[in-house]
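As structure tokens, the structure follows; a few thoughts come after it.
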Amino acid sequence: LGVVFDPVREQLFWARRGQGAWLNAQRLQTSSIQCMDGALIAASFAARVPPNSPEVTRFVQVLHTCQAIRRLGSAALNLCYVAAGKLDAYWASSVKTWDVAAGLLLVEEAGGRVTDLAGHPVSLDHPILAAASTAELHREFLATLAIEN
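Residues in the sequence shown are numbered consecutively from 168, following my numbering.
Here it is as structure tokens:
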């Protein structure tokens, strides 16, 4: 069971494994966007990062390939918005388990994909993640987030 409440909008997002994802009483479904060039994407990373940070590199790479990018502030709500089809993808590198645990289930139950940046299952011990609405978008998103050394 995963639950996120947005008190400002009085919205209750919830999911139960195998029973779908919901916003209040409405069933959620991720968007059908399959390509980065049409995707609205959100990101969460530390507030002050040095210019040579991998997150700055990722941000620029994503900015050049997507329709638009946002930093909304709430990891939990970003994942809810992917589940609800309001965002097409989201990545996070500076979040805590309690910020994302419920949202991971919401995205999966709404039909989306969530992995770490290498495409493996997300570790709740050190959550760094990429979530996307479709498998096709997820593949392209991971490739865009990859940093070559």
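Note that beta-carbon positions come from the ideal geometry of N, C-alpha and C, so glycine has one too.
Nearest to residue i (by Cα), restricted to the options the options
| i | options | result |
| --- | --- | --- |
| L291 | W181, K263, Q228 | K263 |
| V267 | C247, P218, A285, G278 | C247 |
| E307 | L254, M203, G252 | M203 |
| N191 | T197, R280, A182, L304 | A182 |
For residue i, the three-state DSSP class (helix, strand or coil)
| i | result |
| --- | --- |
| L273 | helix |
| L296 | strand |
| T311 | helix |
| T282 | strand |
| D173 | strand |
Integer-rounded CB distance, given that residue j should sit under 8 Å from residue i
| i | j | result |
| --- | --- | --- |
| R280 | A302 | 6 Å |
| L304 | A256 | 6 Å |
| V229 | L312 | 7 Å |
Just to confirm the assignment: which complete beta strand (DSSP E) runs, minimum length 3, are found wholly within the region 175-251? 178-182, 188-190, 207-211, 235-237
Measuring CB atoms only, is the region 229-245 touching the region 208-216, in the sense that at least three cross pairs come out at less than 8 Å? yes
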